[in-house]
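Below is one structure, written out as structure tokens; the observations come after it.
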Amino acid sequence: MTGMQRFQAIMAGQLPDRVPVLCNLLDQGARELGMSIKEYYRRGENVAEGQLHMRKKYGYDSLLGLFYVAMEAEMLGCRSIIYAEDGPPNVGQLIISEPEDIRRLQIPDDMEELPRFRELSACIRILKREAAGRFPVIGVVTASFTLPAMLMGISGWLNLFLSGPTELRSLLLEKCSQFCRRQILALRQAGADLIVYTNSVGTATFVTSRQFHDLVLPSVLRDLEGIGTGDLVYFNGGGQINPQLKTLVEQTPLRAFYINPFDDIGEAAGMLNGQALLVGTINDIRLINGSKEEIDDQVKGIMEQGKRVTGFAFGTLMMPYVIPEENIRAMLESAYRYGSYKRGA
Amino acid sequence: MENRYLNDYFDAVFDTDRDRALEVIRQALDGGVTPEEVIFGIIVPSMEKMIGGMVTDSLVTLSQHFLASQIAEEVTDMLIPRFATAPEMQGHVIIGSSFGDFHGLGKKIVGGCLRAKMFQVTDLGINVRPERFVEAAVNGGAQVISVSSMMVHTALGDMGSRRVRQLLREGGLEERIKLIVGGAPYRYDEQLYLQAGADAWAATAVEGAEIISRLIKEVRAQ
Numbered sequence: 001m002t003g004m005q006r007f008q009a010i011m012a013g014q015l016p017d018r019v020p021v022l023c024n025l026l027d028q029g030a031r032e033l034g035m036s037i038k039e040y041y042r043r044g045e046n047v048a049e050g051q052l053h054m055r056k057k058y059g060y061d062s063l064l065g066l067f068y069v070a071m072e073a074e075m076l077g078c079r080s081i082i083y084a085e086d087g088p089p090n091v092g093q094l095i096i097s098e099p100e101d102i103r104r105l106q107i108p109d110d111m112e113e114l115p116r117f118r119e120l121s122a123c124i125r126i127l128k129r130e131a132a133g134r135f136p137v138i139g140v141v142t143a144s145f146t147l148p149a150m151l152m153g154i155s156g157w158l159n160l161f162l163s164g165p166t167e168l169r170s171l172l173l174e175k176c177s178q179f180c181r182r183q184i185l186a187l188r189q190a191g192a193d194l195i196v197y198t199n200s201v202g203t204a205t206f207v208t209s210r211q212f213h214d215l216v217l218p219s220v221l222r223d224l225e226g227i228g229t230g231d232l233v234y235f236n237g238g239g240q241i242n243p244q245l246k247t248l249v250e251q252t253p254l255r256a257f258y259i260n261p262f263d264d265i266g267e268a269a270g271m272l273n274g275q276a277l278l279v280g281t282i283n284d285i286r287l288i289n290g291s292k293e294e295i296d297d298q299v300k301g302i303m304e305q306g307k308r309v310t311g312f313a314f315g316t317l318m319m320p321y322v323i324p325e326e327n328i329r330a331m332l333e334s335a336y337r338y339g340s341y342k343r344g345a
Numbered sequence: 001m002e003n004r005y006l007n008d009y010f011d012a013v014f015d016t017d018r019d020r021a022l023e024v025i026r027q028a029l030d031g032g033v034t035p036e037e038v039i040f041g042i043i044v045p046s047m048e049k050m051i052g053g054m055v056t057d058s059l060v061t062l063s064q065h066f067l068a069s070q071i072a073e074e075v076t077d078m079l080i081p082r083f084a085t086a087p088e089m090q091g092h093v094i095i096g097s098s099f100g101d102f103h104g105l106g107k108k109i110v111g112g113c114l115r116a117k118m119f120q121v122t123d124l125g126i127n128v129r130p131e132r133f134v135e136a137a138v139n140g141g142a143q144v145i146s147v148s149s150m151m152v153h154t155a156l157g158d159m160g161s162r163r164v165r166q167l168l169r170e171g172g173l174e175e176r177i178k179l180i181v182g183g184a185p186y187r188y189d190e191q192l193y194l195q196a197g198a199d200a201w202a203a204t205a206v207e208g209a210e211i212i213s214r215l216i217k218e219v220r221a222q
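Each protein sequence line maps, in turn, to chains V and U.
For the first sequence, the residue numbers in the UniProt record's numbering are 1 to 345.
For the second sequence, the residue numbers in the UniProt record's numbering are 1 to 222.
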């Protein structure tokens, strides 16, 4: 089966030959092409080539059309991106430092007018063409509740949503939602088959249950209203989402959830109750120093729980650059072995 | 002191209601509670109860940690000058985010907690060069350097806490200045602090304060 067939099978409620595997290798593409990370991310064609190389090398089931998370801030006016040699680029300038900056924030009507989005879109188009229907191309978008952290810093955003003026908070969320929705449509237009919707600040790691119901849930509903959600996957972005999962599946149209390594797979499955797909996630920071045996045990545990669930995929978080190649291979080999649905597996 | 101030303040912070929390403090002061009692009888116990994980029936979130710590710092800075006698400081801590790291949340939470627990805190901000950490510790006579990293490459990179360790070693300062780290990567792998060259790590601000207190005692026992 191809990666696309595996995903199509679980989306249709059928069993594929093995659990589909998502592996989020980003900056590693630069190493693959012998480029610096800065040079690599300059052009969409570099990123596409890196992604195609890595998928072929490791054999996982999707192609990732994402550069780095901070690029969304860049699209909205951030002029300073800090590059490292061994990790993801970072926001080096906050574009919102005073209330007036929120009022001045302009959301582009046409994403393709933005030079950085054009590079991303070029990357996705290449991936789509080269995948030729064999592997889903994944686009990634930041939820409106999380995007402000990149524009004004996490402390600034917490201050605004906890104690700031309601009018300003609403205005910022509304603008970020506009950006989120336009980006989802533009990613689809470029050819993304699946879109990962990342809401790290909206997770139970950051917000209380009351904040989730009062602020996060309405923002999610607004982001997704009227744009179709069959291709969307709700991603934890590093925080835990199990405490919110029941509400999310009952009150939003989302039908795929990518949980955190600290979220219990069995508990998540119980709350989804077969109504949505579940992506179980490995603690990929443990891959930096883990032995093959430890990695094998971790993958085995995830797969044993996951295979009891209807509609299960295996995924990683953001796979740090320093994970040794042999450990990436060890994780994937274990995932292919323990993820098999063949008789006796 | 009436327990209701402690309970009301804790409830307000738990609900992330900044205005209500500050109003409780104002009422306590107006009601005759001393500045010392406000800090040690309301602010610190509430912070310990919440950030220290003593609330077990609910997942305590970073927004609650942030608010509790922010108010703690603000009220402490306001009330220390009104103490009957100058408080005895537990020690001096240099704090900052590692070089290349522009995340300041964890550092802010820890800083506020440390101030309320009577540590002298020098906050160097975000994206701090290793040399600045060491220079500030030496010049300020600090016993502990605390480095926050939210990303793996800033936690383990050559310009992060590993370089701080190298500078301490080269300067013959390892007995005088201890190194503690914190941040998301360390939560995902509890042994990672060793690779980062640190003496210790902490999962929460309250735990951080306890470990820093122990490290300071070790330094002073030299």
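Where is the CB? At the ideal position from N, CA and C, for every residue including glycine.
Everything numeric in this text was worked out from a predicted model, so none of it was measured.
Quick check on the DSSP output: the alpha helix (DSSP H) that includes residue i runs from which residue to which?
i              : result
residue 66(U)  : 62 to 79
residue 313(V) : No alpha helix (DSSP H) holds residue 313(V); the beta strand (DSSP E) holding it covers 312 to 315.
residue 8(U)   : 3 to 14
residue 146(U) : Not the alpha helix (DSSP H): residue 146(U) falls in the beta strand (DSSP E), residues 144 to 148.
residue 247(V) : 242 to 251
residue 185(U) : 184 to 188
residue 49(U)  : 44 to 51
residue 90(U)  : Per DSSP, residue 90(U) belongs to no alpha helix (DSSP H) and is neither H nor E.
residue 148(V) : 147 to 152
residue 164(U) : 161 to 170
residue 153(U) : 152 to 156
residue 269(V) : 265 to 272
The beta strand (DSSP E) that contains residue i, what's its start and end?
i              : result
residue 256(V) : 256 to 258
residue 235(V) : 232 to 235
residue 13(V)  : Counting along the chain, residue 13(V) falls outside any beta strand (DSSP E), and DSSP gives it neither H nor E.
What residues are listed by DSSP as bridge partners for residue i?
i              : result
residue 98(U)  : 128(U)
residue 278(V) : 257(V) and 312(V)
residue 123(U) : 95(U)
residue 289(V) : DSSP output for residue 289(V) lists no bridge partner at all.
residue 110(U) : None, per the DSSP bridge assignment.
residue 179(U) : 145(U)
residue 81(V)  : 91(V)
residue 141(V) : 197(V)
Identify whether residue i lies in helix, strand or coil by the three-state DSSP scheme.
i              : result
residue 106(V) : coil
residue 200(U) : strand
residue 357(V) : Outside the displayed span of chain V (1 to 345) sits residue 357(V), for which this structure offers no information.
residue 24(V)  : coil
residue 38(V)  : helix
residue 62(V)  : coil
residue 121(V) : helix
residue 306(V) : helix
residue 33(U)  : coil
residue 162(V) : helix
residue 228(V) : coil
residue 56(U)  : In this predicted model, residue 56(U) has a pLDDT of only 48, less than 50, meaning its place in the structure is not dependable enough to derive any value.
residue 219(U) : helix
residue 97(V)  : coil
residue 43(V)  : coil
residue 134(V) : coil
At a CB-CB cut-off below 9 Å, which residues of chain C make contact with residue i?
i              : result
residue 102(U) : In the displayed structure, chain C is absent; the protein chains listed are V and U.
Near residue i, what residues of its chain come up, given a Cβ to Cβ distance below 6 Å and the 5 sequence neighbours on each side ignored?
i              : result
residue 227(U) : Chain U is shown from 1 up to 222; residue 227(U) falls before or after that span and cannot be answered.
residue 173(V) : 144 and 219
residue 53(V)  : 32
residue 103(V) : none
residue 42(V)  : none
residue 60(U)  : 50
Please confirm whether residue i and residue j have their CB atoms less than 8 Å apart.
i              : j              : result
residue 303(V) : residue 25(V)  : no
residue 137(V) : residue 198(V) : no
residue 203(V) : residue 224(V) : no
residue 65(U)  : residue 140(U) : no
residue 128(U) : residue 99(U)  : yes
residue 76(U)  : residue 115(U) : yes
residue 28(U)  : residue 42(U)  : yes
Leaving out the 5 sequence neighbours to the left and right, which residues in its chain are closer than 7 Å to residue i when beta-carbon positions are compared?
i              : result
residue 125(V) : 190 and 191
residue 78(V)  : 91, 93 and 95
residue 90(U)  : 117, 118, 119, 213 and 216
residue 184(V) : 141, 195 and 227
Is residue i near the ligand ATP, going by C-beta to nearest heavy atom under 7 Å?
i             : result
residue 42(U) : The ligand ATP is not among the ligands present in this structure, which contains no ligands whatsoever.
With a CB to CB cut of under 8 Å and the five nearest residues on each side skipped, what residues in its chain are close to residue i?
i             : result
residue 36(V) : 30, 83 and 85
residue 57(U) : Legend: pLDDT at residue 57(U) = 47, less than 50; position of this residue unreliable, value from coordinates given subsequently. Within the same chain, residue 57(U) has no close Cβ partners at all.
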